[in-house]
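Peer 1: One structure, as C-alpha cells, below. Some questions next.
Residue numbers (the numbering used here): 3 to 70.
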C-alpha cells in the first residue's frame with residue numbers, strides 16, 4: 003500500500019510542477035516502499051507516466067539515511 007501512495011504522490015507532484023512550469027529534484031531514501039517510477043506497484047491501476055518530465059528522483063545509497 004505504501005508503494006502505491008508513493009507512486010500516486012510522484013504523479014501528482016509531477017503534474018503540479020508541470021502546471022507551475024517548475025523542475026525539481028526530489029531526494030529519497032532507498033527503501034522498498036519507494037520503488038522507482040518505471041516499476042509501478044502490482045496493485046496500481048492508475049495512469050502510468052512514461053517520463054516524469056518535471057521531476058528528477060535522486061535515491062540515496064543504502065544505509066545513508068541515518069547520516070542525514
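For every residue, glycine included, the Cβ atom is placed at its ideal position computed from N, Cα and C. Since the model is a prediction, treat every value here as computed from it, not as a measurement.
Restricting to Cα atoms, I'd like to know which of 18, 23 and 47 is closest to residue 7.
Peer 2: In the chain shown, residue 7 corresponds to position 5, counting from 1. The shortest Cα separation from residue 7 among 18, 23 and 47 belongs to 47.
Peer 1: Between residue 30 and residue 39, what straight-line distance do the alpha-carbon atoms span, to the nearest angstrom?
Peer 2: Residue 30 sits at position 28 when you count from the first residue of the chain shown. Residue 39 sits at position 37 when you count from the first residue of the chain shown. Distance between the alpha carbons of residue 30 and residue 39: 13 Å.
Peer 1: Just list the residues that DSSP pairs residue 38 with in beta bridges.
Peer 2: As a working mapping, residue 38 is identified with position 36 in the chain shown. According to DSSP, which records beta bridges pairwise, residue 38 is partnered with nothing at all.
Peer 1: Locate the beta strand (DSSP E) running through residue 57, then write down its first and last residues.
Peer 2: The sequence position of residue 57 within the chain shown is 55, counting from 1. Start and end: 57 to 61.
Peer 1: How is residue 7 classed by DSSP in three states: helix, strand or coil?
Peer 2: In the chain shown, the residue the question calls residue 7 occupies position 5. Three-state DSSP puts residue 7 in a helix.
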